[in-house]
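The structure under discussion appears below in the form of structure tokens.
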């Protein structure tokens, strides 16, 4: 399989939280989008592996992505070690994405920080020759970084995607993760999903639309045309 885009998430629901609207937009635009969850996200206060797998399957169906798998690394103990790097590089060589989306490298959650470093390293390893990694050498052209929600910080993103037509669908996808977003403190007013809506509205305001999702990149972003600018 050759994907256009691979979204790499430390846990199931991270991709949906940070960039669910953008994923829906890319799929609607005809891009082949895949998601790789690095861990199963468990344990959590109200979840278990079976529940989380069912919730992820429901969300994946609504996202309509071309491919989704789990790398099987250990939640809460995620590290950018050599074994994890090899495993992820192998996936990159087999799915051959043009673009990768990964967590921003600064966050309060250690798994998110480790995932960001792991993606950077695996991208480099994926292009190596004379290796026992599966598949053929591959170099994803760009890594774009999405922002997670564990560290409240003043951001200066490289770009913001207008997701105004997709907010209601994103909210429905987040609601699939009932054990994470609809019970306990996540359900207390205003509720986590409502806070995500407010966050998206704030970025929409920044670009003159209703809702937006922010991203950054370490490398310059080339534009073939200015017609896509808002």
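In the numbering used here, the protein residues as written are 183 to 412. Cβ atoms here follow ideal geometry from the backbone N, Cα and C, with glycine treated the same way. In this text, all values refer to a predicted model and were calculated from it rather than measured experimentally.
Taking each of 402, 274, 195, 286 in turn and checking the Cα distance to residue 335, the smallest one comes out for 286. Around the C-beta of residue 332, fewer than 16 other C-beta atoms lie within 10 Å, and the residue is accordingly described as exposed. Residue 189 carries a strand assignment under DSSP once its states are collapsed to helix, strand and coil. When C-beta atoms of the region 230 to 246 are compared with those of the region 273 to 286, fewer than three pairs fall below 8 Å, so the two segments do not count as touching. For residue 303, the secondary structure class from DSSP, reduced to helix, strand or coil, is helix.
Contact between residue 209 and residue 244 does not hold, since their C-beta atoms are separated by about 11 Å, which reaches or exceeds 8 Å. Closest in alpha carbon position to residue 327, among 314, 341, 408, 319, is 341. Beta-bridge annotation (DSSP): residue 327 is paired with 284, 398.
If you draw a straight line from the Cα of residue 339 to the Cα of residue 395, it comes to about 10 Å.
The distance from the Cβ of residue 345 to that of residue 207 is about 6 Å, consistent with a contact at the 8 Å cut-off. In the DSSP assignment, residue 198 falls within the unbroken alpha helix (DSSP H) covering 196 to 210. Of the residues 213, 257, 212, 242, the one whose Cα lies closest to the Cα of residue 224 is 257.
At a Cβ-Cβ threshold of 9 Å, residue 383 and residue 374 do not count as neighbours.
Residue 283 sits buried, since 16 or more C-beta atoms from the chains shown fall within 10 Å of its C-beta. Apart from the 5 residues on each side of it in sequence, residue 201 sits with its Cβ closer than 6 Å to the Cβ of 328, 395 in its chain, given in chain order. Residue 407 and residue 324 have their C-alpha atoms roughly 18 Å apart. The C-beta distance from residue 216 to residue 199 rounds to 18 Å, too long to meet the 8 Å contact threshold. Ranked by how close their Cα comes to the Cα of residue 361, the residues 221, 347, 237 have 237 in first place.
The Cβ atoms of residue 359 and residue 379 lie no closer than 9 Å to each other.
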